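Read the structure below first, then the notes.
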Amino acid sequence: MNNTSTASLKIGDTYNGFTVRKSLPIPELQCHLTEFVHDQSGALCMHIASDDPENFFCLSFRTLPQSSDGVCHVLEHTVLCGSKKFPVRDPFFSMNRRSLNTFMNALTGADFTCYPAATQVEKDFYNLLEVYLDAVFNPLLNKLSFWQEGCRLEFETPNDPASPLQYKGIVFNEMKGALSSPMTRLIEAVNAALFPDTPYGFNSGGDPQDIPNLTYEELVEFHRTNYHPSRCLFFFSGNMPIYKHLDFLQGQILHGVSKLPPPSPIPAQPRFHKPIYKELQYPFSKEGSTEDKSLIAFAWLTCPILDQITLLALSVIDIVLMETDASLLKIELLRSGLCRQAQSMLESEVSEIPYAIIINGCKGSDAVAIETIIFDTLKRLSKEGIPLHLIETALHQLELAKSEITGDSAPFGLSLFSRAALICQHGGNAEDGLRIHSLFEELRQRFSQSPHFLSELINRYFITNTHYVRICMDPSQELGPEERKLEEEKLETIKQALSEKAMKEVVQRSEALTQFQNRDEDDIINMLPKISLSDVPKKARTLALSHLNAGSLDLFCHHAFTNEITYADLIFPVPDTKEEDLWLLRLFALVLTQMGSANRSYEENLAYIQENTGGISSYLHLYP
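Heads up: the sequence shown begins at 12 in the numbering used here, then just goes up one per residue.
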């Protein structure tokens, strides 16, 4: 195989120990998808070739939690605390100063952990890839890093065993902060209730009550089992040729690697025979009023992720029901006066798709009344059908969202990874996650063949679906102090059981960790790769700007591949305004797109915006 365009590759072609198992164009995104299997290890390498100069890679692993001890999350942190080739305490921070990366991150999902990065400089790309590969496959995983990142026992005054014992650790504190949010608590409770028999029922980020149970030995074993090269999905996208990537993988990590059996598939959740109802609490401030501060979730388990047509249809239903204040269910909930806010959640990256309607600013005692509104609305829509123009509006919104080439907050490669690689890790076809117009055309054909398709889905997945949970979470001004007291009592019990030798070990560990965190790493940091000025392209990428006059308007236009989506910025000068009145301009900008217009009410205007655009936003910019 010559180093030519991937478009010429055929299934069965080989290159440097890799065999092509898939090669096909994705015209809807003007890109080409190629999948390679490494012959010796069985590792999968996926490449999406395009004209995008922002080249992206992601190393992704299937990581299924077996408890809420946070092993997936703690490991994600700990592998980035130094590796055999680069024994730097914090290579992320250090590489940020030696790189022109546009993105560097590490992410723990419900069933995967991934390590993505992107840059527009070729030398920088391979520098980052080398550091990432060594981090995930050859981490030092020393105990000091485990104690720093996970959870450890430490005295309040580190060198004084007479002071109270505390839990310390980055992930422990991070998850304590996350679960201080009532919404996060509710979502975790929903997952635990919907998925009691699968890994999704656990908190992959870790629950502060369980994180202290994780041992160093368990962390090392989890890495050995799950971070093997043969179980990694190597994902690449951008305009750099795949062949150099394959050579790099072969030389750096895959040569001589043996094959492990594939991980076991994620078990399907056995379906409930009857709904589940739970009443929980969340900590609330002593100072505030608990009136109308409850949260309620109404959640169902729906279709498998591999059923992309049904998933798309459920997304249509979600938009029709809950997208805006004028949506068919949301408007009924808000008009009832029983809640201040209502939102929905359709989780589309797990093996079986949960859907939830979440209400806040309500009374827990109104749960049944709110539930009645939800089911009455669903029954009416199932019986009468959804108005065709609302279906078309939802399809328009979804097609725009799938077609859009994003890149503002994260590289487009990350979106491609989420759409293609994650479905592949669930046993599906990557191209199914990349389909856009053909997928919508297939759904429209389904509508024409079965006009009641959406009504049938509403009935199947919501009205008659017994795999349904209702969780009411009420505020409690006592729960916070109770949780703190329980933790203090647990720590006091642990302290009382410590021998004098064990107490000294706690003090010595704190001292060792402080020395580890404060050590001079100037010489070690220089082991990390870096780019020089000669590696940076001398020409910046530019987009031609055309200038047109249309009557009294000046039009400036950049022509680029945007998947036939036009992005328009309308700029208006602000009139002379007194300084004390500037807040009114900001208020005007905030509410402008939420108001009615000359001939339309605000509900009609929201529907009109949805039907004809991908969204309208207004901002106030003040320049001195």
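Backbone N, C-alpha and C fix where the C-beta goes; we use that ideal spot for every residue, glycine too.
All values reported here derive from a predicted model rather than from experimental measurement.
Original post:
From what residue to what residue does the beta strand (DSSP E) around residue 188 run?
Top reply: Mapped onto the sequence shown, residue 188 falls at position 177. Where residue 188 is concerned, there is no enclosing beta strand (DSSP E), although the alpha helix (DSSP H) it sits in stretches over 181-189.
Original post:
Using the C-alpha atoms, what's the distance from residue 578 back to residue 13?
Top reply: Here residue 13 is taken as the residue at index 2 of the sequence shown, counted from 1. Here residue 578 is taken as the residue at index 567 of the sequence shown, counted from 1. At residue 13, the pLDDT of 40 sits below 50, so the modelled position is not reliable and the matter cannot be decided from this model.
Original post:
For the alpha helix (DSSP H) that residue 253 lies in, which residues bound it at each end?
Top reply: The residue labelled residue 253 in the question sits at position 242 within the sequence shown. It spans 253-260 - the alpha helix (DSSP H) in which residue 253 sits, taken as one unbroken run.
Original post:
Straight-line CA distance for residue 15 to residue 116?
Top reply: For the purposes of this step, residue 15 is taken as residue 4 along the sequence shown, with counting starting at 1. For the purposes of this step, residue 116 is taken as residue 105 along the sequence shown, with counting starting at 1. Its pLDDT being 49, under 50, residue 15 is placed unreliably in this model, and the coordinates cannot settle the point.
Original post:
By the 10 Å Cβ neighbour count, where 16 or more other Cβ atoms means buried, how is residue 294 classified, buried or exposed?
Top reply: Taking the sequence shown and counting its residues from 1, the one referred to as residue 294 is at position 283. It counts as buried.
**OP:** Figure out for me which residue from 510, 139, 595, 619 has the closest Cα to the Cα of residue 247.
**Re:** Numbered from 1 along the sequence shown, position 236 holds the residue referred to as residue 247. Here the closest residue by C-alpha is 139.
**OP:** Determine which residues share a DSSP beta bridge with residue 98 and list them.
**Re:** Locating residue 98 in the sequence shown gives position 87, where the first residue counts as 1. Partner(s): none; residue 98 has no beta bridge.
Original post:
Are residue 465 and residue 361 closer than 8 Å when you measure CB to CB?
Top reply: Here residue 465 refers to the residue found at position 454 when the sequence shown is read from its first residue. Here residue 361 refers to the residue found at position 350 when the sequence shown is read from its first residue. The answer is no: Cβ separation not under 8 Å.
**OP:** Name, in chain order, the residues that DSSP records as bridge partners for residue 177.
**Re:** Residue mapping note: residue 177 aligns to position 166 of the sequence shown, counting from 1. The partner list for residue 177 (beta bridge, DSSP) reads 165.
Original post:
Is residue 309 helix, strand or coil by DSSP?
Top reply: For the purposes of this step, residue 309 is taken as the residue at position 298 of the sequence shown. Strand at residue 309.
Original post:
Does DSSP classify residue 127 as helix, strand or coil?
Top reply: Walking along the sequence shown from the start, residue 127 turns up at place 116. The answer is strand: DSSP assigns residue 127 an E or B state.
**OP:** Measure how close the beta-carbons of residue 131 and residue 65 come, nearest whole angstrom, since I'm counting them as under 8 Å.
**Re:** The residue given as residue 131 occupies position 120 in the sequence shown. The residue given as residue 65 occupies position 54 in the sequence shown. The Cβ separation is near 5 Å, so the contact holds.
Original post:
With a Cβ-Cβ cutoff of 8 Å, do residue 265 and residue 54 count as a contact?
Top reply: Within the sequence shown, numbered from 1, the residue matching residue 265 stands at position 254. Within the sequence shown, numbered from 1, the residue matching residue 54 stands at position 43. Yes, these two residues count as a Cβ contact at 8 Å.
Original post:
What separation, rounded to the nearest whole angstrom, lies between the Cα atoms of residue 391 and residue 320?
Top reply: The residue given as residue 391 occupies position 380 in the sequence shown. The residue given as residue 320 occupies position 309 in the sequence shown. The alpha-carbon atoms of residue 391 and residue 320 are separated by roughly 24 Å.
Original post:
Taking just the CA atoms, how far does residue 103 sit from residue 532?
Top reply: In the sequence shown, the residue the question calls residue 532 occupies position 521. In the sequence shown, the residue the question calls residue 103 occupies position 92. Each residue's alpha carbon lies about 14 Å from the other.
Original post:
In terms of alpha-carbon separation, which member of 58, 74, 76, 310 lies closest to residue 68?
Top reply: The residue you call residue 68 lines up with position 57 of the sequence shown. Here the closest residue by C-alpha is 58.
Original post:
What's the gap between the Cα of residue 164 and the Cα of residue 509?
Top reply: As a working note, residue 164 is residue 153 in the sequence shown. As a working note, residue 509 is residue 498 in the sequence shown. So the alpha carbons of these two residues sit roughly 11 Å apart.
Original post:
Out of 78, 97, 108, 296, which has the shortest C-alpha to C-alpha gap to residue 542?
Top reply: To locate residue 542, count along the sequence shown from 1; it is residue 531. Residue 542 has its Cα closest to that of 108, out of 78, 97, 108, 296.
Original post:
Taking the C-alpha atoms as reference points, what is the distance between residue 143 and residue 404?
Top reply: Here residue 143 refers to the residue found at position 132 when the sequence shown is read from its first residue. Here residue 404 refers to the residue found at position 393 when the sequence shown is read from its first residue. Going from the Cα of residue 143 to the Cα of residue 404 covers about 43 Å.
Original post:
Hey, how far is the Cα of residue 380 from the Cα of residue 496?
Top reply: If you number the sequence shown from 1, residue 380 lands on position 369. If you number the sequence shown from 1, residue 496 lands on position 485. Distance between the alpha carbons of residue 380 and residue 496 is about 36 Å.
**OP:** Going by CA-CA distance only, name the one from 213, 449, 624, 126 that's closest to residue 576.
**Re:** If you number the sequence shown from 1, residue 576 lands on position 565. Just measuring C-alpha positions, the residue of 213, 449, 624, 126 sitting nearest residue 576 is 624.
**OP:** Specify the secondary structure class of residue 634 as computed by DSSP and reduced to three states.
**Re:** The residue labelled residue 634 in the question sits at position 623 within the sequence shown. Of the three classes helix, strand and coil, the one that applies to residue 634 here is coil, per DSSP.
Original post:
DSSP three-state call for residue 289: helix, strand or coil?
Top reply: Here residue 289 corresponds to residue number 278 of the sequence shown, with the count starting at 1. Residue 289: strand per DSSP, three-state reduction.
Subject >> Cutoff 7 Å; reference residue 224; Cβ partners in own chain excluding five residues on either side >> reply: Here residue 224 is taken as the residue at index 213 of the sequence shown, counted from 1. Only residues of its own chain outside the window of five on either side were considered, and among them 80 have a CB closer than 7 Å to the CB of residue 224, listed in chain order.
Subject >> Coil, strand or helix - residue 120 by DSSP >> reply: The residue labelled residue 120 in the question sits at position 109 within the sequence shown. Coil.
**OP:** Identify whether residue 16 lies in helix, strand or coil by the three-state DSSP scheme.
**Re:** The residue given as residue 16 occupies position 5 in the sequence shown. Looking at residue 16 - three-state DSSP - the assignment turns out to be coil, as it is neither helix nor strand.
Original post:
What residue does the alpha helix (DSSP H) around residue 352 start on, and which one ends it?
Top reply: The residue labelled residue 352 in the question sits at position 341 within the sequence shown. No alpha helix (DSSP H) contains residue 352, which is instead part of the beta strand (DSSP E) from 352-357.
Original post:
What number of angstroms, rounded off, separates the C-alpha of residue 396 from the C-alpha of residue 357?
Top reply: Mapped onto the sequence shown, residue 396 falls at position 385. Mapped onto the sequence shown, residue 357 falls at position 346. CA-to-CA, the gap between residue 396 and residue 357 works out to about 21 Å.
**OP:** Tell me whether residue 315 sits in a helix, a strand or coil according to DSSP, three-state version.
**Re:** Residue mapping note: residue 315 aligns to position 304 of the sequence shown, counting from 1. Strand at residue 315.
Original post:
How would you label residue 525, buried or exposed, when you count the other beta carbons within 10 angstroms and need 16 or more for buried?
Top reply: What you label residue 525 is simply residue 514 of the sequence shown in a count that begins at 1. Label assigned to residue 525: exposed.
**OP:** Could you tell me how far apart the beta carbons of residue 472 and residue 313 are, in whole angstroms, since I believe they sit closer than 8 Å?
**Re:** Residue 472 sits at position 461 when you count from the first residue of the sequence shown. Residue 313 sits at position 302 when you count from the first residue of the sequence shown. With a Cβ gap of about 5 Å, residue 472 and residue 313 count as contacting.
Original post:
When we look at the beta-carbon of residue 198 and count the other beta-carbons within 10 Å, is it buried (16 or more) or exposed?
Top reply: Here residue 198 refers to the residue found at position 187 of the sequence shown. Answer is buried; the Cβ neighbour count reaches 16.
**OP:** Provide the residue span of the beta strand (DSSP E) that contains residue 479, from first to last.
**Re:** Here the question's residue 479 lines up with position 468 in the sequence shown. That run of the beta strand (DSSP E) goes 479-487.
**OP:** Report the rounded CA-to-CA distance for residue 420 versus residue 331, giving the unit in angstroms.
**Re:** Numbered from its first residue, the sequence shown carries residue 420 at position 409. Numbered from its first residue, the sequence shown carries residue 331 at position 320. A direct Cα-to-Cα measurement between residue 420 and residue 331 gives close to 27 Å.
**OP:** Use the C-beta contact count for residue 570: other C-beta atoms within 10 angstroms, 16 or more gives buried, fewer gives exposed.
**Re:** Residue numbering aside, residue 570 sits at position 559 when the sequence shown is read from its first letter. The residue is exposed, with fewer than 16 neighbouring Cβ atoms inside 10 Å.
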